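Residue numbers (this note's numbering): 1 to 116.
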């Protein structure tokens, strides 16, 4: 599977923007990177849950914990308190939409796999 997001959305924090820029250098998303609300550590995961429900295109989110863990719980189990993915700082998870409200984990990378 190729990673080809239409856009990379990042939180307003400098670390997330920097990560999005690095990813964009390799992935070359047609719509580039975007600073987007709702990706901060304590933001409500329902914001992106609703946004993703209305999107057809593939997107990448660069955000923070615990928000990403809570959003993943909502997408996979409809419960933001359900910890399905044990995120580590610097980790990535690719979710694939099966149909309008059903998602599955396509792949996951933890930092230990990519460190030399």
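Even for Gly, the Cβ is constructed at its ideal location relative to N, Cα and C.
Since this is a predicted model, take the numbers as computed values, not measurements.
The alpha carbon of residue 67 has as its nearest neighbour, out of 88, 14 and 58, the alpha carbon of 88.
The three-state reading of DSSP puts residue 63 in coil, since its state is none of H, G, I, E or B.
Listed in chain order, the non-local C-beta contacts of residue 64 below 8 Å within the same chain comprise 11, 13, 16, 39, 40 and 41, local neighbours out to five positions each way being set aside.
Counted as a single uninterrupted DSSP element, the stretch harbouring residue 110 is not any beta strand (DSSP E), since DSSP gives it neither H nor E. In the DSSP annotation of this structure, the continuous segment of the beta strand (DSSP E) that includes residue 95 starts and ends at 92–99. Of 94, 98, 99 and 9, the smallest CA-CA separation from residue 107 is found for 94. For residue 9 and residue 35, the gap between their C-alpha atoms comes out near 6 Å. Listed in chain order, the non-local C-beta contacts of residue 79 below 6 Å within the same chain comprise 73, local neighbours out to five positions each way being set aside.
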